Structures are given as C-alpha cells and as structure tokens.
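Engineer: My structure is below; once you've seen it, I'll send some questions.
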Amino acid sequence: MAGAGAAGFPREVLVEELQCIADVGLWDALRRLKLDVLGTDDSPIPITGYYAPRLFRKLPSFFNLRPESLVPRSHNSIRDRNKCPIAGTLMNTNNMRGFQNLDREQLLKAEVKKILDDIMSGEVEEEPALLLRFVVISFADLKNWKVYYNAAFPSLVFNSKITLLSLQPASKVLTKEEVMFLCTSLLQWIDISAVVPFFLVSITSDSSASVRQLRDWKACKGNYQKLLFGFYDHGCRSDRPGMAIINYIAFLSIRWKIEKVQFFCYREVRGRPDLEQSLIGEASFPPPYGWDDPDYVPDAIGWEGVEPGKGTEEMKPKEIDLQSSNPAIQDEEKQLMHLKLMGWRHFPVDLEKLSRVRVLLLGAGTLGCEVARLLMTWGVRKLTVVDSGSVATPDLVKQSLYIDKDRGVPRVSAIIPHLKERCPAVEVEGIQMEIPVPGHPVSPSKMASVLDECKHLQTLVAANDAVFLLTDTWESRWLPTLLCASENKIAITAVLGCDSYLVMRHGAGPRTCGGTDEVPAQIESLSTEDALSHQRLGCCFCNDAAFLFNSNPNRTLPGLTSVVSGKAVELFARMLHHPDEIHAPGDIAGVETEHQLGLLPHELRGSLPNCVLSMELGISSGNCTACSIAVLSEYRRRGLDFVMQAINYPTYLKDLTGISDLKRPDTCPKMLTSISVNSDKISDVRCLLLGAGTLGCDVARILMDCGVRKLTVVDSGRVVVSNLARQSLYTSDDRGAPKATAIIRHLVERCPSVDAQGFQMEIPMPGHPVSPNEAAGVLQDCKRLKELVASHDAIFLLTDTRESRWLPTLLCTDENKIAITAALGYDSYLVMRHGAGPGIIGEASNVTAVEDKLSTKDALGRQRLGCYFCNDVVAPVDSVSNRTLDQQCTVTRPGLASIASGCAADLFTRMLRHPSGIHAPGEIAGASSGHPLGLLPHQMRGSLSQYNLLTLLGYSSSNCTACSNVVLSEYRRRGMDFVMQVINEPTYLEDLTGLTDLMKSAAYSEVEWVDETDEEDVVEI
Amino acid sequence: MGGVGHGTLSLDSFSASAAALVKRWKEIEVDDSLPDWAWKPCCKTGGPSELEGYLALEGLYRDCGGSQEQIEENGNSDGADIFACDTWVQSSSYNVHVYDFHVVYSYSYKVPVLYFQAHRSDGQLLTLDQIKQDLPSDSLKVLSESKWTFITREEHPYLSRPWFTLHPCATSDWMKLLLEESKVAYEEQSLRYLPAWLSVVGQAVGLKIPLELHCRS
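Order-wise, the sequence lines are chains A and B.
Numbering-wise, full-length UniProt numbering puts 694 at position 694 of the first sequence, and it's gapless, one number per residue.
Numbering-wise, full-length UniProt numbering puts 201 at position 201 of the second sequence, and it's gapless, one number per residue.
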C-alpha cells in the first residue's frame, strides 16, 4: 500500500513531517530559568528554534532547540543560514497535572490562528519565518531533575484540496545553464541576505536565475519565464516536499490569491545547493472557503508524535532526565532547592551570602549539633566548631548527630563526618580547645597554654563572620562575648534552662568617636552607639540571663534543645538578611515590620510548660562585664594582658565595671524537682510514628530522649539527597533506602536498647481513588494500619499531606488512642492532641444498638476535644497534584520542624503524666495550671515570622469528617467498606456528616473557626 | 613552536593547524554525512580572543537503526472530518543520535584533546555504553586494545558541562612517533599535526577522517 498512489500525477500532496531535536542544555537552561527567575509564573515565554534545509543526503534535517533558544533573540547574533531562527512559544506548567491538562488541540489552534492572522495582515511578506511558528509545552520537574515536553509544528489544514501536479529533481526540470545560474545566485543570495527560509526564484528566458525576497513578488510576476516559490526543505525524500510547504501554500492562496504555483524545495549538501535532490514541483489549490472571516479558526495539525487523525489524548510526553550532569554539583543544588523555592512566594534567600558566611560554633554538644545541622539547611557552608569534650553514652540520645561508635571520640572530630555525610559541600573545621573562663585562676604552669587558647580564640573570632555561643557553662561565654563586641561580629547566644530558654543576638560593637588618625586616642573615645548611630543592643551579660542557666544539661526537658536551636538559627538567618545586619534595631512583638522574613527581635524568652514566648529588648549596659565601654576600652588598650587578669583575679571585672557579681548561682526553677520522672512507665509506652521525614526524625529522637523505648515508624518514601540536611537522622549512605528501614537503624545507633520497628507502607488517603486492581493492596494497608493503631498507645501524625491524616485520626478516635498531630506551614506550625473517643451511653449489652449509643462526651463524661479535621468544612481530598513545586512540602523555614517536633514530644510527655491522660481538658496559656508539669493545651499554633505562640481549645465538631459520631458509627457498622468508599469518593463524607447541607445553608458562615488559614495544609514529611 | 618534535604543540600552532584543517576540510571530498569543522572562538574570561577557542564538528547524525518508515496513506477522504489527514503523512520517524565533537587545546599537556557527547533526538544524553553501541567494530577494537584510549567524563573547559573525553596523557608520545614516521618537513609538522592526530583519535570514536586531509593541498 505504501507509496502505491504516489507515482502518478495529479495526486494529493503528501509532506514529510518535521522532527525536533532538543539539546539537553536547553532543558538545563529552562530548569534554571524556572527556579531562579520565573518562580510560580507559568505564562507562555518566547523561545527560538532553528530550522535548516536538508544538509545530508540520507537524513532529513531536524528542527533544533538549543540552550540559546531561551535567550531573547538578538539581531546581531552570528548569521548561519543553516540556523534560521524561528519564533515559538514555550508553555512550562507548574505541575504534572497542569501539563497533562493543557488543551493541546486548543493550543495548536491558537498558534494556527496567529499564523493565519500574520498571513492576512501581510506580516508574513516581511517576515516569512512566521509561517513556521511552533509551540513547546513542558513541565520542568525541578525536584526530580526531569523535564517532560512535547513540541508542535502547526500546519493550517487547507479545507480545499491541494493537488500535486508534478514533482521532480530540480536538475531534471531545469536546463544545465539554468542549474548553473541558479547555483551561483543561490550561493550569492545565501551569503548576503538575512536568513530567510522562504524566497522567490526567477529565471529569465536566457537562463539567468536570480533569488529574491518574497515581498518582491508583485514586482516580479509576469516578467519571467519561470517564477518558483522556493523554501528550505528539511526533508530528504524524492517523492514529497517537507511540511513547510503547507503553510507556504496557505499564504500564497490567502494573501495573494494564487491558485497554482511552481515551487522549489531547496536542499543542500556540504554547504552548496544540491540541485540533484532539491525538488521542483507544481501544485494547484482552489481557494479555501470561509477564511476571510476574521473570527475563522482553521483546523490544525502538527503535534509531534501524534498520528494524523488521532486525537492528542494518547500523546506521550518526551521525558528528559537531567540527572546525568555533574553529580556533586547537582546534589548541592538539590540540597539548596528548598531555599530557592522560598523565593517563589516568600522572600529571596541570599544563597550567595549564606554560602560565604563563616560561622564559628562554640560548643558541639546538644545545641551545637542541632545548630550546625540547621545552619547547613539554611545553606551555610563554612563552619568551625570549637569544643573540648568527648562523646559520652548519655549524649547519644540528646546530641542529635552522634552515634554509638563515636563514644569516647572528641566531639570536634566526631561531628565532622556527621556533617559531611549530610552535606558533602560543607567545609567544617573542628578545634579541640577549652575556652578560658574569667575568675578561675590558672596555675603558672598552665599560664602559657591558657594564653595560647585566648589567642587562638581571638584569631577565630576575627576570621569568622558570626559566632554561636552554645557552651554549657555561663562563664565560658564571657571571652567570646568580649571578642565579638570588640570585633563587631554577629554573636548569638542560646541558653537552655530546665524548661525555659533564652535566645538572643548580641548588639554591635561601639563606634569609635572622632577620626582614626590618632590611634592612642581611640581608646578613650568609644561611643555608646554603634557604627550606624543606633543605641547598642545588649549582650547576654548585660542582664540577668544567668539565672536561667541550667548547669546540668541532663535535666533539660527533652525537646527544648530542638526548639531553641530552631529559633537561634532562624534569628541568625533573619539577621543576615536584614539590611543593617548586626546593627539592626530590635523588634518587639506586635509591631509591623517591612522585613520579609518577619520580626527581628533582640531577645527571645520562652517556657515550654507555660507555652509562652516573649520578646525583649535590652540596650548594652554601662557596667556590663563583657560589652561595656569600660571593658572594651581596657581590652583594646591591654589586649590579652587584660584578659589574663580577668581570668586570674575573680574580683577584677567586678571592680572595673562596678557590677555586683559576675558569677550568679545556678538556680534551676524548683518546679522540675517535684516531678517524678517515671521513666519506667514511659519506656513501656508504645509509640507509632506515621511519617519518617523531617518531623518524624526529630520526634523519634526526642521521644527516645524522653525515655520512650518502643517505637514503630511507618513511611512509604525513600531517602533522597535533598532530605539529608533537613531530616536529622539520615546520612548519604541511606540514599535510595526506604526511610522506614533507615530510621530504625539510626535510632538503634543512638540507643541500642530501643525496640524499634519500621513499616514501608503508604497510608490510604481519601481523594486518591484506587483502581480495582490496587483495591486489594489498599484494603490490606487499611487493615494493617488499623492493627498498628490498635497495638500502640500513642500515635503521632507527621505525614506530609492533610488527607493522609484522615484514616489514622478515625482509627485513633475509634480505639480511643492518644493522637498527636504536628503540621508545618511555610512559617507557622500546629501541634495538637486529638480528643478522646466518645463514651457509650448506657450499657453496651445490645451490640447492634451500639451505633446509636455513642455519647457526645468522652468516657469520663467530659466534652470531647476536637481533632485535626474538626475545623474543616470540606472533606479531605487530593491536595497535592495541583500544587506548584514550592508548595510541595519542602518549603518551610529551616528550624520550623525542630520547633514543632520539640513541642509535639513535650505535649505528649505532659499528657502522659497528666492524671486524666487522653481525657485531660484543654488549657489555655495564662490560665493557672494546677499540674506541676505545666500547661496541657489542646492546640498550639506558632508563627516564626511573628514570633508568637497561641494555645487554642476546640471541641469535637458534630460535622467532623474524621471524629464525629456519625462517621464513627458508620465506620463501626461497615468497617473497611466504609473506608474504601471514602477513599474513592470523599464527597460521600460531606454528605454523611451534613457538611453538604451546611454548605448549602447560610449557617455555613457560622461554623466555628472558619477563619482558619490553610497554612498547615502544606505540611512536611 | 619547538614542541612539535616532541609530539606537543604550542597554542599558536594549534590555532594555525585548526584553521588549516577547517579550510582543507571544505576542499576535499568527505563522506556525505559529515558536517564541517568550524572554529568556535570563545574565552573563559572576558571577550573572545583570537587564539582562544576550540574546533568543533557538531550535529553528526548517526542513524542508529530502528528507523521505521511509517507511511500511512489516508486514501479514504470521503468524510469531511478527515480534513486533518488528507494532506498529511507522518512520513517517517528517524531514530538518530546526534554527536558533537570538540577539539580543545590542553595547556597542561600541550596537545589537542577530543571532547565529545551524543544525545538522542529528544535531547536525552547518551551514556558511554550507548555510545559504544553506535560505534563500528573496528573502533571498539581500538578502544579495548589501545592503552591511550582512556575515556573519562570531565567538565568541558568552555561549556562547563560534563563531556566525554579521551585522556591526553599519552598523546605526545604517539604523536611524536607518528610525525617522525611521516617524514614531513619540520616547519610543516605543526600544520599537519591536527590531521594526523585526528586520523588516530577519529578511529576510536568512529569519526571517519578522509585520507585526503593529510595530502598537501
């Protein structure tokens, strides 16, 4: 059949399709453009493709897309006739669903309409390349380094027939002389003219041929023996022209009303016209009908890879894997992706500055580990760690980076591989050194080494841009504070109490008054203001922070470290992005800030049990022992002599500054002492963690620190490189491993006695319908989850989508199990405990009647607290597919997960110790709590940018899609049938719970807490 | 200029030899499927300079089989709705691999270095194994038997993307032998360097270099 009708003339015109070849560099350029410039903007962008006549005899030429295709076309780019620039449109969508949903037919029609308009308006006469307009649709999956795309070369479908009357090699149609002339004039024309793929060839009766611009047609017509409409023909077949002829004919017919032409398919070989294989043919075409109507849109074809006449439904996207580029650079980019994505909606992170900044960490213990890791998450790549201790057994559950084999190893040596295995690009230096302490006289034999240590510290502070003070004694922070004030370096202090904390940034150093010409005079002339003439903010010695200090880190509440590290690093990042950096004035709560990152306070104080957080502002004290002008002047004058004197003479600083006493008693609030830390009980509690991501890792670790020894973790994912810095337990060895397996290994490394189990399993979700052949597997998962919930005492909901929390919530309510939810937004978090399940009215003697007898109260007769879904007015549905990349779970402020995890674990332990356990009523901050452990709220919501923390209380809603009695009774009656129905059609839940009616009625607006933002919709795994 | 006797080449000679090659290539009869060599001036820092740049042969299509003619005649044009088909034939889909070859001067070895990459028509880069499948058997033999044909993946000096490269460590040794054997006048050696070099490395990567390239023009 093939070619059977091709031999004879006249026949229908058949053309050769154009295929496109895309350089991988183009996709890489698109990836960068999307990430760095376009953000969420998905409007069409111009793209340039390159068209060429056939260049090699056996193969057609391809349409080329190259890295420079995305660069705006400049007219002075090098002219290359085999690279005719063609304007096209690129539509890059924000997600896969958007790509799939693009109306391909419509897009093609829109392009064809543009071509038709250009024909009608005469634009094509001036710029014939417009006839080759093309479209590319793509989805650049930045997270997975993939690009999916399709290209189309739209052809107008001529609604009256084009008939091919003849088609022969040019060398056969033309005489020898004509061929010779034509070759010469083509070469000349090619050399001088702009690169135009459509042109005119005129041949006079004396065989002389010339090549002209298309727009000269009117002047030429009728004057020549032969007038050929020439075009660059990409094809290589002798029996058909390339596809460019179709739009060409449409142009000739519509614009110039021509009905019959001789055309010339120009092909090349080795840079010269190949007239043996170029074709000359004749075609006739009656005028198409109806095209004069300005609103007429002709039919169009042209999607590459779509068979003619078939729809675009079955069109397969081409998939480009960008992974094969340089793996090390790529890993680093993946690790920084979340920071770049923050720029899409929130604020542009200065990655350049973060990667340059040199940070000195004093202390590599509990705080040091977390701060170092979180700094890497922020893209900090130059760290120096100073510590004098070694890793001890009790450290393993507290100090997040160390594992079993590090025991006995100096922390500064142990920490380096642990940071590197999370982020190979980080540069870490470890320095084992004791920090000299004032008021502790040293023996003459040690004098030299202490002096060396002082000098070393002096050099270190000078060489770094920011210093974190994370040591475990108060006095050891004196010298670094002094050095930072003198060098005007950023200094951040984090202090852990037993249950409360302080995070602060030290103020800038003083400005020197007058000129710097008289060096000796400088000493006397330190100003009380900083270099920007702001009043200097205080340091941690300026006020009474010392009372907080907890001399025994083992008595610090588990979870507090995570909260404090998260806040300290956040404060640092914010300071770095502030235009005034170290000189930025301190914000206090409630003020409006223009700063995109949020408030930049001076001091933050908070208490876990009281659920309070406050911002304070203190200016540098005139008799501060570390940053006052008296001390600084003395240090500048006498240098290390002064420091040594302060070390050796306990009263020296006191005398110098007039302050009463530097060393304050280490008082720990008595509250904690009254608590019986019943670790026997807690070690028996079986905890089930759903989700082993950022929250999962932190919560698991903190729970072990609390004494939990029975842990089960469920997750369906695998460890990828971008997880490493954020998800505290994983290292590069885990890449590709299921998280559920990897996390267990890392928990055991830290605490061999932990009884941990992992399940790699997807949690069935409403709104993610399952096909009949998946149904059995999903049902299995539902049953397995039910068994897991039944066999555990407390369930932590730490997954990355809202809908994945639905089934666990229902199961927990049914089984009356403790359920704790932690969810993250971009800058806010929610930590809540779900209420108890309903009690049963009367005696459950009659099993069939149970469903009618669910009480609105819990088993203790108290009003039931709400669950995660109680505020919702719609059933949980698929919330992922329509999200743009930056909304897909990774984009939260680094540190937020640490804070939320700390709060979640702490809430859990408090609940466990409460006499009523799951039935404990919700408390609100400010209300006095009778319980020695502190407040036991129902919900805590916090925002990083506003530095606030709210305790909320909400009761179970009778319309709740997860914990209301109507849902529960339906579940008890129909079991997994009910669950499967919900998974496939979540609107069923809305009908069942009355939400549908509620939405219809005006009462909709009266639902409690409708003002809830959807912030925690974006949750992190 | 004195390096040629030792099998090395100065930057000036490299540029001169490259220019001669570009010119000569255009004059001689080469295989139909081979594009032209071109000099790509560029500079790692600042604007392009005369000397800095590389020699490039880009867009060599290798038809890697499987090219099926999928001719579909749509003869039955009796329904108005088949408009979309009757002028159209999805004639053929070519399964080609596109090769780019660059010759870059190595300052450390003072010899030319061959960089190459290949991609499928949709843009996906080929792995070395896939490239080897495209190579004729004699190239594979050269690759497996010769010591100097050590292929690594390195950053392209001008494009900063990883390309495959033939390691230049032994180049000066065999070039010295090659030029001694050819017994050409010393002053001509530097111009003849690239054709000679290319005829050897071309074998390894299946790049057919016509004998004529070596003859005096």
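Heads up, the beta-carbon is just placed ideally off N, CA and C, and yes, glycines get one too.
On a predicted model such as this, the values are computed, not experimentally measured, just so you know.
Pair every Cβ in the segment 739-750 of chain A with every Cβ in the segment 934-947 of chain A, then say whether three or more of these pairs are closer than 8 Å.
Structural biologist: No: fewer than three Cβ pairs fall under 8 Å.
Engineer: Under 6 Å Cβ to Cβ from D299 of chain A, same chain only, skipping five residues before and after it: list those, please.
Structural biologist: Cβ neighbours of D299 of chain A beyond the five flanking positions: V157.
Engineer: Starting from the beta carbon of D321 of chain A, find every residue of chain B whose beta carbon is closer than 8 Å, and list them in chain order.
Structural biologist: Those are Q124, listed as they occur along chain B.
Engineer: Please determine if the segment 761-773 of chain A and the segment 728-737 of chain A are in contact, where contact requires at least 3 C-beta pairs separated by less than 8 Å.
Structural biologist: Because the criterion of three Cβ pairs below 8 Å is not met, the segment 761-773 of chain A and the segment 728-737 of chain A do not touch.
Engineer: I believe residue 1047 of chain A touches Y232 of chain A by the beta-carbon criterion, under 8 Å. Please report the beta-carbon distance rounded to the nearest angstrom.
Structural biologist: Nothing about residue 1047 of chain A can be read from this structure; chain A reaches only from 1 to 1021.
Engineer: Locate the alpha helix (DSSP H) running through A962 of chain A, then write down its first and last residues.
Structural biologist: Taken as a continuous stretch (DSSP letters only), A962 of chain A belongs to no alpha helix (DSSP H), as it is neither H nor E.
Engineer: How many angstroms separate the CA atom of S210 of chain A from the CA atom of K40 of chain B?
Structural biologist: If you take the alpha carbons of S210 of chain A and K40 of chain B, they lie about 33 Å apart.
Engineer: What three-state label does DSSP hand G736 of chain A in the structure shown?
Structural biologist: Of the three classes helix, strand and coil, the one that applies to G736 of chain A here is coil, per DSSP.
Engineer: So K58 of chain A contacts chain B; which residues on that side make the cut at Cβ distance below 8 Å?
Structural biologist: Correct list: D32, S33 and D63.
Engineer: Specify the secondary structure class of P601 of chain A as computed by DSSP and reduced to three states.
Structural biologist: In this structure, P601 of chain A counts as strand in the three-state DSSP scheme.
Engineer: For chain A, is any of its Cβ atoms less than 8 Å away from the one on D129 of chain B?
Structural biologist: It does not; no Cβ of chain A falls within 8 Å.
Engineer: Can you list the alpha helix (DSSP H) stretches of 4 or more residues lying completely in the segment 784-837 of chain A, in chain order?
Structural biologist: For the segment 784-837 of chain A, whole alpha helix (DSSP H) runs of length 4 or above, ordered along the chain, are 806-815.
Engineer: Is DSSP giving N948 of chain A helix, strand or coil here?
Structural biologist: Strand.
Engineer: So with CB distances below 7 Å, who are the chain A contacts of H97 of chain B?
Structural biologist: None at all; the shortest Cβ gap to chain A is about 10 Å.
Engineer: Under a Cβ-count criterion, where at least 16 other Cβ atoms within 10 Å of its own Cβ denotes burial, should Y51 of chain A be classed as buried or exposed?
Structural biologist: Looking at its Cβ environment, which holds 16 or more other Cβ atoms inside 10 Å, Y51 of chain A is buried.
Engineer: With 8 Å set as the bound, which would you pick, yes or no: does the beta-carbon of L26 of chain A sit closer than that to a beta-carbon of chain B?
Structural biologist: Yes, because at least one Cβ of chain B sits closer than 8 Å to the Cβ of L26 of chain A.
Engineer: Under 8 Å between the Cβ atoms of T171 of chain B and T152 of chain B?
Structural biologist: The answer is no: Cβ separation not under 8 Å.
Engineer: Name the chain D residues whose beta carbon is nearer than 9 Å to that of H214 of chain B?
Structural biologist: Among the protein chains in the structure shown, which are A and B, there is no chain D.
Engineer: When you compare the CB of I403 of chain A with every CB in chain B, is at least one pair closer than 8 Å?
Structural biologist: By this cut-off, I403 of chain A is not an interface position.
Engineer: State the start and end residues of the unbroken alpha helix (DSSP H) segment that holds T651 of chain A.
Structural biologist: Neither: T651 of chain A is in no alpha helix (DSSP H) and is coded neither H nor E.
Engineer: Output, in chain order, the set of chain B residues within a Cβ distance shorter than 9 Å of G535 of chain A.
Structural biologist: Per the sequence shown, residue 535 of chain A should be read as Gln rather than Gly. None at all; the shortest Cβ gap to chain B is about 47 Å.
Engineer: Are the C-beta atoms of H156 of chain B and some chain A residue less than 8 Å apart?
Structural biologist: No, H156 of chain B does not count as interfacial toward chain A.
Engineer: Is A844 of chain A helix, strand or coil by DSSP?
Structural biologist: Because A844 of chain A carries a pLDDT of 47, less than 50, the predicted location of this residue cannot be relied on, and no value is offered for it.
Engineer: How about F62 of chain A: is its C-beta nearer than 8 Å to some C-beta of chain B?
Structural biologist: So, interface residue.
Engineer: For a contact defined as C-beta to C-beta under 9 Å, what are the partners of S17 of chain B on chain A?
Structural biologist: Here the premise fails: no neighbours, minimum Cβ distance about 22 Å.
Engineer: Nearest-angstrom Cα distance between W197 of chain B and M175 of chain B?
Structural biologist: Roughly 7 Å between the two C-alpha positions.
Engineer: What span of residues does the alpha helix (DSSP H) with W25 of chain B cover, start to end?
Structural biologist: Residues L11 to E27.
Engineer: Along chain B, in chain order, which residues have C-beta atoms closer than 7 Å to that of K318 of chain A?
Structural biologist: Neighbours of K318 of chain A on chain B, chain order: D122.
Engineer: To be precise: take each residue of the segment 158-185 of chain B, compare its Cβ to all Cβ atoms of chain A, and keep it if any distance is under 7 Å. Which residues remain?
Structural biologist: So the list reads R161 and P162, given in the order they occur along the chain.
Engineer: Would you please verify whether the beta carbon of Y19 of chain A is less than 8 Å from any beta carbon of chain B?
Structural biologist: Strictly speaking, residue 19 of chain A in this sequence is Gln, with Tyr absent from that position. Yes - at least one Cβ of chain B is within 8 Å of the one on Q19 of chain A.
Engineer: Quick one: any contact between the segment 909-929 of chain A and the segment 609-618 of chain A, if contact means 3 or more CB pairs under 8 Å?
Structural biologist: The segment 909-929 of chain A is in contact with the segment 609-618 of chain A.
Engineer: Give the interface partners of G290 of chain A over in chain B, defined as CB-CB distance under 9 Å, in chain order.
Structural biologist: Here the premise fails: no neighbours, minimum Cβ distance about 13 Å.
Engineer: Does DSSP classify E212 of chain B as helix, strand or coil?
Structural biologist: Three-state DSSP puts E212 of chain B in a helix.
Engineer: On a CA-only basis, which of B:A56, B:G202 and B:P168 is nearest Y107 of chain B? Give me that one, please.
Structural biologist: Nearest C-alpha to Y107 of chain B: B:P168.
Engineer: Closer than 9 Å between beta carbons: that is the criterion. Which residues of the segment 968-984 of chain A meet it against chain B?
Structural biologist: Within the segment 968-984 of chain A, no residue qualifies.
Engineer: Span of the alpha helix (DSSP H) holding S43 of chain A?
Structural biologist: It is not in any alpha helix (DSSP H) - S43 of chain A carries neither H nor E in the DSSP assignment.
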